[in-house]
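Okay, structure first, notes after.
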Amino acid sequence: MNTILIGLRGCGKTTAGRLAASLLNRAFIDLDERTSAIVGMSASECFNRHGEAAWRDAESRALREALEHPTPSITALGGGTPTAPEAELMLRIAREERGDLIGWLDAPPQVLAARIAGDGERPALTDLPPLEEMIEIDRQRRPIFERLADRRIGVENESIAATAGAVVALATRG
47 MNTILIGLRG
57 CGKTTAGRLA
67 ASLLNRAFID
77 LDERTSAIVG
87 MSASECFNRH
97 GEAAWRDAES
107 RALREALEHP
117 TPSITALGGG
127 TPTAPEAELM
137 LRIAREERGD
147 LIGWLDAPPQ
157 VLAARIAGDG
167 ERPALTDLPP
177 LEEMIEIDRQ
187 RRPIFERLAD
197 RRIGVENESI
207 AATAGAVVAL
217 ATRG
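Here the sequence shown is numbered in the working numbering, starting from 47 and rising by one per residue.
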């Protein structure tokens, strides 16, 4: 059984997921890294050169491969992965047919915008200023995250260790 982490950029999916995987002695899959390997460049470069659609298509391919991982793993999705073609369906099937668990790391957009301020590796998704962009992206994606998540994990005031602990608890339930 895999544990899949979803949530907006800056919520700690990669950092907490990597720590949780280490604590559980499980494989860790960073979908952004896998997607970058497929396109041969960073997300920012891909967005700038080929557009968001090219990144999302590669993300769908990376997700399909990650969901086929043969041993239990912790997978950190990119913030927009659930919006990629077929991704929501793939995630529902993984949960319903294979018993994979989906944890949603959630914090207010204001907190997340402050966390990622100045991070040049994260491409702009709109023409809006960073905080307004985060609020808009949250508005668009929150319903998807709510539909997919087995558990919402609030991370607004949590340390990475506490967040990783919540991921471990999710991964070991049942």
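Idealized CB from N, CA, C, for every residue including glycine.
Predicted model, so just to flag it, every value in this text is computed and none were measured.
What residue range is occupied by the uninterrupted beta strand (DSSP E) comprising residue i?
i	result
Leu70	First-last for Leu70: Lys59 to Leu70, but that is the alpha helix (DSSP H), not the beta strand (DSSP E).
Please return the same chain residues whose Cβ sits closer than 7 Å to the Cβ of residue i, not counting the five positions on each side in sequence.
i	result
His115	Asn48, Ala73 and Ile75
Ile148	Ile50, Ile52, Leu137, Arg141, Leu194, Ala195 and Asp196
Under three-state DSSP, which class holds residue i?
i	result
Ser106	helix
Asp152	strand
Asp76	strand
Leu194	helix
Thr49	strand
Gly211	helix
Ser205	coil
Thr172	coil
Leu123	coil
With distances taken from CA atoms, which of the options is nearest residue i?
i	options	result
Trp150	Ala89, Glu182, Thr127 and Ala112	Thr127
Leu158	Glu179, Leu174, Thr172 and Asp173	Glu179
Arg110	Gly86, Glu182, Arg80 and Cys92	Arg80
Taking 6 Å as the limit between beta carbons, can you name the residues of its chain near residue i, skipping five residues before and five after?
i	result
Arg161	Gly56
Taking residue i as part of the alpha helix (DSSP H), name the residues at either end of that continuous run.
i	result
Ser88	Premise fails: Ser88 is in no alpha helix (DSSP H) and is neither H nor E.
Does the stretch 127-145 touch the stretch 99-112, meaning 3 or more C-beta pairs lie closer than 8 Å?
Yes, since at least three Cβ pairs between the stretch 99-112 and the stretch 127-145 fall closer than 8 Å, the two stretches touch.
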